[in-house]
DNA sequence: CAGCGATAGTTCCTCGAAGGAACCCTCTGA
DNA sequence: TCAGAGGGTTCCTTCGAGGAACTATCGCTG
């Protein structure tokens, strides 16, 4: 996709960006998430070039974020579905939404609102600590080498 | 940067990807976050082309995610710092890390561990509801049009 | 059974962005 | 006065994005 190979870097940000490191992929995932699952629909909705859409879908299927599912044999028809991996990527999308809403939405306000089914309220996502449950921001973290760190 | 203009779309994912929708920007932010703040350092650390680094830094400064700060008059020397906007983008990076750790780290395990300063434990970020505090995944959400939705 | 439309791509062409190497300028310290 | 670091800029090549046109299969309708 891009010239540099980010997938081999010892960094989970780089490896994630290797999968969705251009703007169309997250938008494709968003659309699949809301039920726009077919090639033609996606192309119309996004206004993406058919060529690029073909490439991205192939890439996302290879990355096991989407799967291509045949829903009709005659004629052969496909739809794209989120895998578990893909569904968890959508959590990342909700965090993107939050940042975009906060810093880029401007006067008009957020284009979309999210209602948390569990509590019934309009809400946004907040980053919390998996251990203690308290808010967890990048400024609250200390970084340490992990088992997969490059040999030093 | 890319040919299509994502900044004008009525979607906070698109607008966010307009800012960091290629792999280098998140890596630059990560480095600035951990204290690698100068052009030469960044270039060496990332292995990025000087030309592309120049472009990305300019772009991130324009997007008000970084600011260029002169720390020496004679000779003129600069460092790049995170703005508030940028610091909040780092929260997004921690979520990317989490996904990458989970799905792309493989046998070796995560390259980096994060210790939550508040509780002292190695932890990862978990998406929670800003209202009720319970876990909030993309599958727990209902989507509604917001004030900034395109006229329909 | 001819023609049309929907689905799902593929091919071709052009232009801009990525990568890399080389070059430039300023200032400092030996 | 010359090497070296900091911080870029310029130039060249190649690859990917975007867009338009083309292909192929099947179902429906007149």
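Residue numbers (the numbering used here), protein chains in the order written: chain S, 1 to 152; chain X, 1001 to 1152.
Don't be surprised by glycine CBs; every beta carbon is placed ideally from N, CA and C.
This structure is a prediction, so every number in the text was calculated from the model and none was measured.
### Message
I need the boundaries of the alpha helix (DSSP H) containing residue 12(S), first residue and last residue.
### Response
From DSSP, the alpha helix (DSSP H) with residue 12(S) extends over 12 to 20.
### Query
Three-state secondary structure (DSSP) at residue 1101(X)?
Residue state, collapsed to three classes: helix.
#### Entry: residue 1070(X): first and last residue of the uninterrupted beta strand (DSSP E) it sits in
Where residue 1070(X) is concerned, the enclosing beta strand (DSSP E) stretches over 1066 to 1072.
### Message
Quick check on the DSSP output: the beta strand (DSSP E) that includes residue 1040(X) runs from which residue to which?
### Response
Careful: residue 1040(X) lies outside any beta strand (DSSP E), inside the alpha helix (DSSP H) at 1039 to 1046.
### Task
Give the straight-line distance between the Cα atoms of residue 1100(X) and residue 1149(X), rounded to the nearest whole angstrom.
31 Å
#### Entry: Residues that residue 85(S) contacts on chain X, provided the C-beta gap is smaller than 7 Å
1103
### Message
Going by beta-carbon coordinates alone, are residue 1030(X) and residue 1104(X) separated by less than 9 Å?
### Response
no
### Task
Return the chain-ordered list of same chain residues with a C-beta closer than 7 Å to the C-beta of residue 1136(X), the five sequence neighbours on each side being excluded.
1127, 1128, 1129
### Query
By DSSP, does residue 1085(X) sit in helix, in strand, or in coil?
helix
### CA-to-CA distance, residue 23(S) to residue 1017(X), given in whole angstroms
So the two alpha carbons sit approximately 5 Å from each other.
#### Entry: Residues in the region 1056 to 1073 of chain X having any Cβ partner in chain S nearer than 7 Å
none
### Query
residue 1032(X) by DSSP, collapsed to three states: which one?
helix
### Query
Which residues in chain X sit within 8 Å of residue 13(S), going by Cβ to Cβ distance?
1026, 1027, 1030, 1093, 1096, 1097, 1100
### Query
residue 156(S) bridges to which residues according to DSSP?
The question about residue 156(S) has no answer, for chain S in this structure spans 1 to 152.
### Message
Alpha carbons only, please: which of 1056(X), 1074(X), 1075(X), 1145(X) is nearest the one belonging to residue 1067(X)?
### Response
1056(X)
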